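Undergrad:
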Amino acid sequence: MINLTIDNQQIEAEEGKTLLAAATLAGIDIPTLCYHPAVPSAGACRICVVEITGGGQPGLVPACAYPVQEGLEIQTESERVVASRRMTLALMLARSPGATIIQEMAQEYGAEPVPMDKGDDDCIMCGLCVRVCQDVIGQSAVCFEGRGHERKITTPYDKQSEVCLGCGACAFICPTGAIDPADYCPHPLETIPNDFNCGLDTRTPIHIPFPQAVPNKPLIDRENCIHFITGGCEACKQICPADAIDFDMTDEYVTEKVGAIVVATGYELFNPDVYAEYGYGRYPDVVTSIEFERMVSASGPTTGELVRPSTGKPPKTVVFLQCIGSRREQGGLPYCSKICCMYTAKHAILYKHKVHDGQAFVFYMDVRSGGKNYEQFVRRVIKEQMATYLRGRVAKIFPSDGKLIVRGADTLSGTQVEIAAEMVVLAPAMVPAAGIRNLAQTLRIGYDEHGFLLEAHPKLRPVETNTAGVFLAGACHSPKDIPDSVAQASAAASKVLGLISHQTLTREPTIGIVDEETCNACFECEGACAYGAIGPKELKDRKGEVTAVVAYINEGLCQGCGACAVTCRSKSIEVQGYRDDQLFAAINATGR
1 MINLTIDNQQ IEAEEGKTLL AAATLAGIDI PTLCYHPAVP SAGACRICVV EITGGGQPGL
61 VPACAYPVQE GLEIQTESER VVASRRMTLA LMLARSPGAT IIQEMAQEYG AEPVPMDKGD
121 DDCIMCGLCV RVCQDVIGQS AVCFEGRGHE RKITTPYDKQ SEVCLGCGAC AFICPTGAID
181 PADYCPHPLE TIPNDFNCGL DTRTPIHIPF PQAVPNKPLI DRENCIHFIT GGCEACKQIC
241 PADAIDFDMT DEYVTEKVGA IVVATGYELF NPDVYAEYGY GRYPDVVTSI EFERMVSASG
301 PTTGELVRPS TGKPPKTVVF LQCIGSRREQ GGLPYCSKIC CMYTAKHAIL YKHKVHDGQA
361 FVFYMDVRSG GKNYEQFVRR VIKEQMATYL RGRVAKIFPS DGKLIVRGAD TLSGTQVEIA
421 AEMVVLAPAM VPAAGIRNLA QTLRIGYDEH GFLLEAHPKL RPVETNTAGV FLAGACHSPK
481 DIPDSVAQAS AAASKVLGLI SHQTLTREPT IGIVDEETCN ACFECEGACA YGAIGPKELK
541 DRKGEVTAVV AYINEGLCQG CGACAVTCRS KSIEVQGYRD DQLFAAINAT GR
C-alpha cells in the first residue's frame, strides 16, 4: 500500500492507482470532465488538476492520470488549483456556451467567458468518445482530426463509418451531449424497448427486469451486449467493485426433487391488434390498460405524469373501452375477464387526479362489480362525475385534426355517439400465459379450450388438480383479481403444507395393483395412465441379477381411475376394491 496525504488527510492506496481514484475512495471529490472508470485516462480536460505541495516535484498535475507515490502531499482546492480550473472553464465556456454542465461548473468556480469569438460547438474535445470507441468497443469509428483550434472529432475521410455498430457508447459517455451517433453510423440506430414498461421507454443491455424481480440482481442481455457481439468492451467487468461479472456463465437446467408443485404462471393480455377498427399499433394515442397503468405510475416511463405519446402533453379527453376481446362469441373470447370493470374505474379516478380539468368517458357492456365494496367504488366514480359511462360498443376510431374520433353507440339512450378524444385506453381480455398448454401436458393436468388449467373439483377441490401434488394459484386457473389470487395462493400453500408436513402420506385405498407373476411387461398401461403413475420395475434374485421387468404403480400418484386395468390384456392390473371377485361378491350379496 502507498501512503500519501490529500487535503491534510492521511490515505492508503493500492500501488498503480491514480490520485483521482485514491481521492474518490477517501470521499474527496475532484471534478472532472474527461474521465470515466471504464476508459483509459488521458488528462485532456485539465479540470481535475491538483497541486503537489510535498513529497514530489511541486506543481499542478492531472489527478486522473497521475499515479500515487509514497509520501505525496496533495491539495485539491488550493488557490493555484482553483485559478487553473477557472481559466480552463472560461475557455470551455467561450467554445461551448450552450453546454449545461460547463455552465454549471463555470458558475461554481466563478468563471467568465474569455474575450474571444464565441463558439457554438458543445464538444469540449475531451476525447471520451474516441477513447471509448477505440479502447473499449474496439471499433475506431470516430477519431481526432487536425491540430490546435482546428482539431475536431470526425470519422475517417469524413464519411459515415461502416465499422460503427450503432451502440451509442459515444453518446452515452459524452459529458456535454455533443455527439449524435446518427451522424457517424450508416446503419439504423435501434433502441431496446423496456418490456416492463410495455415498450414505452428503453433499457440498456444490463438491467434489472422489474423492481420485484427475484433475485433482484441485474442481468446481461446477450443478444444486445456488445461483448457478446464483438468480443470486446467488458466495461462493466472493469468497473464492478464486487468482481461479479462472469461472461462465461451460461444458462443451465437444474433438476430438483420436490414434494409438491404450485402452478402460478399468471396471465397475458389479449392482443388488440386483431381489431383494426380500434387502431391499436397504428395510432400512438391508443394504448392498453397496462400501458396506461405504467404511465400513471411514479416508477413508470413518465415518472407518473400522464401525457399523450404523440405530443407529450396531458390529454384533456380520455375514452376507456371495456371488453376488448372478452365476451365475444365471434372474433374474440366468450368469457368475462372479471377485472376490467374495476381497474377501469380506478383508472378514471387516477386520470382525474392527474388531469383535474380533463374529461373521461367509459364505453361498457355491463358493469360487473362483484366483490366487497366494489359496487360502491364504481358508484363513487359515477356520482362524483369522474367519468361518463356509456352503455355500448365502439364501432370505429380514426384520427382527425390531431385528435382521435371515437364513434360508438349509447344503447340506453338509443343514440349514436361521437367523441373527439386525445387518448383512448383499451381494456383487453385476460388470456393464459404463453406455453401453458405444454406445461399442463408435462405435469399431466387438464386445461379447457381457452388454455386455463382445470381443478379437480370446482367446489370441493378448487386448488387441486387430478395429478396428486400439483396445485393451482392465480390467473392460470381462470381470470382473477388480486384478492381472489391471494386467497387461492394461500389455499394452495396450505395444501402443500398439509401434504409435506407429515411423515406418512395418507391416500385413498382405491389404487391400482400389479400382479407381478402374470405381467408380461408390454407397458400399454404406461401409455394409458394420464397421471404418469406407472413405470418399469426390475425384479432381482438373491444375487442381485435382474430376472424380469414388470409394471410398477406409484401409489402416491395413482388416482384409481382404472384406465390401466381396462388396458391390460393379461388382466395383471386391477383396482383395489374393484376386483372382479369383489364386484361379483357385492352383486351376490344383494340376493338377486
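Numbering follows UniProt numbering, with no gaps: position 243 of the sequence shown is 243. Even glycine gets a Cβ: it sits at the ideal position worked out from N, Cα and C. If you're wondering where the values come from, they're calculated on a predicted model, not measured in any experiment.
#1: Assign T344 to one of three DSSP states: helix, strand, or coil.
#2: For a test of the three-state rule: what should DSSP assign to S326, helix, strand or coil?
#3: Are the Cβ atoms of V424 and G279 separated by less than 9 Å?
#4: Looking at the unbroken alpha helix (DSSP H) that takes in F398, where does it start and where does it end?
#5: Opposite M430 in the DSSP bridges: which residues?
#6: To the nearest angstrom, how far is it from the Cα of L200 to the Cα of S84?
#7: Would you report the Cα separation of R80 and E51, rounded to the nearest angstrom?
#8: Measuring straight from C-alpha to C-alpha, what distance separates P399 and V355?
#9: Let me check understanding here. Comparing Cα to Cα, which of A13, L33, L505 lies closest to L25?
#10: For C336, which option in V549, G325, C185 has the closest C-alpha, if you only look at C-alpha atoms?
#11: Just to confirm the assignment, what range does the alpha helix (DSSP H) spanning Q103 have?
#12: Looking only at its own chain, which residues have a Cβ that is under 7 Å from the Cβ of I30, when we skip the five neighbours before and after it?
#13: Fully enclosed by the segment 423-487, which alpha helix (DSSP H) runs are 4 residues long or longer?
#14: Rounded to whole angstroms, how far is the Cβ of I500 from the Cβ of G560, which I believe are closer than 8 Å?
#15: List the DSSP bridge partners of H207.
#16: Does the distance from the CB of A65 to the CB of Q238 come in under 9 Å?
#17: Rounded to the nearest angstrom, what separates C558 and L460 at their Cα positions?
#18: Answer with buried or exposed for I482, where buried requires no fewer than 16 other C-beta atoms within 10 angstroms of its C-beta.
#19: Would you mind working out which of L89, D221, T465, K480 sits nearest R368, comparing C-alpha positions?
#20: Alpha carbon to alpha carbon, how far is K257 from G469?
#21: Start and end of the beta strand (DSSP E) containing V263?
#22: So, do the segment 123-132 and the segment 166-181 have three or more beta carbon pairs nearer to each other than 8 Å?
#23: Excluding the five sequence neighbours on either side, which residues of its own chain have a C-beta within less than 8 Å of the C-beta of E190, listed in chain order?
#24: Can you tell me whether Q503 is helix, strand or coil according to DSSP?
#25: Using a 10 Å radius around the Cβ and a threshold of 16 neighbouring Cβ atoms, would you call N8 buried or exposed?
#26: Using 10 angstroms around the beta-carbon of E574, count the other beta-carbons present and answer buried if the total reaches 16, otherwise exposed.
#27: Identify, in the order they occur along the chain, each residue of the same chain with its Cβ nearer than 8 Å to the Cβ of E524, setting aside the five sequence neighbours on each side.
#28: For the beta strand (DSSP E) holding G54, just list the boundary residues, first then last.
#29: Would you call the segment 371-379 and the segment 407-421 touching, i.e. three or more CB-CB distances under 8 Å?
#30: Verify whether the separation of the beta carbon atoms of L472 and V262 is less than 9 Å.
#31: Would you mind sorting E70 into buried or exposed? The rule is 16 or more other CB atoms within 10 Å of its CB.
#32: Here's a check: name, in chain order, each residue in its chain whose Cβ is nearer than 6 Å to the Cβ of G535, leaving out the five neighbours to either side.
#33: So, are the CB atoms of E162 and T154 less than 9 Å apart?
#34: Figure out for me which residue from N271, L426, M295 has the closest Cα to the Cα of A434.
#35: In the DSSP assignment, find the beta strand (DSSP E) that holds A13 and state where it starts and stops.
#36: In angstroms, rounded to a whole number, what distance separates the CA positions of R579 and G331?
TA: In brief:
#1: Judged by DSSP in its simplified three-state form, T344 adopts helix.
#2: Correct three-state label for S326: strand.
#3: yes
#4: First-last for F398: 394-400, but that is the beta strand (DSSP E), not the alpha helix (DSSP H).
#5: L269
#6: Approximately 45 Å between the Cα atoms of the pair.
#7: 7 Å
#8: 22 Å
#9: A13
#10: G325
#11: 100-109
#12: Cβ neighbours of I30 within its own chain (closer than 7 Å, five residues either side excluded): L20, A23, C48, V50, A63, T76.
#13: 436-443
#14: Taking the Cβ atoms as the reference, I500 lies roughly 22 Å from G560, outside the contact range of under 8 Å.
#15: L219
#16: Pairing A65 with Q238 gives a Cβ-Cβ distance that is not under 9 Å.
#17: 19 Å
#18: exposed
#19: K480
#20: 12 Å
#21: 261-263
#22: yes
#23: Excluding sequence positions up to five before and after E190, its CB lies within less than 8 Å of the CB of G166, all in the same chain and listed in chain order.
#24: coil
#25: exposed
#26: buried
#27: T567, C568, R569
#28: 49-54
#29: no
#30: yes
#31: exposed
#32: Contacts found: Y552.
#33: E162 places its beta carbon 9 Å or farther from that of T154.
#34: The shortest Cα separation from A434 among N271, L426, M295 belongs to N271.
#35: Boundaries of the beta strand (DSSP E) around A13: 9-13.
#36: Between the alpha carbons of R579 and G331 lies a distance of about 50 Å.
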